[in-house]
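J.: Numbering (this note's numbering), first residue to last: 5 to 164. Take this structure, written in structure tokens, and hold onto it; I'll ask about it next.
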């Protein structure tokens, strides 16, 4: 298994622990953080493209937060969806979790306008730093295996 996989698992656990133990940091943990993590390790992205996707996620969370702040209803949800989908198409942000991040303010209902965008920004910055560090370690030391491989030879009595 690659080091990046272990790194994102540990990072998501850390973010969950922080958000569950510090009420003011509750918004740091959101389900699409896992989706972004998997997206970033499953596709061969250039660093600039990963930053562009993270930037798109922050922008979409700002759009969603402003919409909820103005009026938390169906019309603002529709407006958010239309705006974010048009941004995704216009700027070629090929990452479905971006749309999901824009919907976070609709089900969390934060008391302050800036909480969700700041949380998304901090969480994704941490993820990018974690993935960069893991990529450096992988490049320097190679991928780790989950279990040490042993030279075990299995023989069967039934197969002659």
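A virtual CB, placed ideally from N, CA and C, is assigned to each residue, including glycine.
1) Going straight from the alpha carbon of residue 108 to that of residue 45, what length do you get?
2) What number of angstroms, rounded off, separates the C-alpha of residue 71 from the C-alpha of residue 61?
3) Only counting runs of 4 or more residues, tell me where the alpha helix (DSSP H) segments fall wholly within the region 30-108, in order along the chain.
4) Taking 8 angstroms as the line, does the beta carbon of residue 102 fall inside it for any heavy atom of the ligand ZN?
5) Mind checking residue 94: buried by the 16 CB within 10 Å criterion, or exposed?
6) To the nearest angstrom, how far is the alpha carbon of residue 145 from that of residue 87?
7) If you drop the 5 nearest sequence neighbours on each side, which residues of the same chain put their C-beta closer than 6 angstroms to that of residue 114?
8) Mapping DSSP to helix, strand and coil, what is residue 6?
9) Considering only residues of the same chain and omitting the five flanking positions on each side of residue 137, which have a CB-CB separation below 8 angstroms?
10) Can you say whether residue 58 is buried or exposed, counting buried as having 16 or more other CB atoms within 10 angstroms of its CB?
11) Hey, how far is the Cα of residue 30 from the Cα of residue 24?
T.: In terms of the structure at hand:
1) Locating residue 108 in the chain shown gives position 104, counting from the first residue. Locating residue 45 in the chain shown gives position 41, counting from the first residue. Straight across, the Cα-Cα distance linking residue 108 with residue 45 is about 23 angstroms.
2) Working through the chain shown from its first residue, we reach residue 71 at position 67. Working through the chain shown from its first residue, we reach residue 61 at position 57. The C-alpha of residue 71 lies about 15 angstroms from the C-alpha of residue 61.
3) Every unbroken stretch of the alpha helix (DSSP H) spanning 4 or more residues and falling wholly within the region 30-108 is given here in chain order: 36-46, 51-74, 78-95, 101-106.
4) With respect to the ligand ZN, the structure offers nothing, as it holds no ligand at all.
5) Working through the chain shown from its first residue, we reach residue 94 at position 90. Its Cβ having fewer than 16 others within 10 Å, residue 94 is exposed.
6) For this step, residue 145 is matched to residue 141 along the chain shown. For this step, residue 87 is matched to residue 83 along the chain shown. Roughly 44 angstroms between the two C-alpha positions.
7) For the purposes of this step, residue 114 is taken as the residue at position 110 of the chain shown. These residues qualify, in order along the chain: 120.
8) Numbered from its first residue, the chain shown carries residue 6 at position 2. Correct three-state label for residue 6: coil.
9) Here residue 137 is taken as the residue at index 133 of the chain shown, counted from 1. The residues are 11.
10) For this step, residue 58 is matched to residue 54 along the chain shown. So residue 58 counts as buried.
11) Residue 30 sits at position 26 when you count from the first residue of the chain shown. Residue 24 sits at position 20 when you count from the first residue of the chain shown. Using only the alpha carbons, I get a separation of about 6 angstroms.
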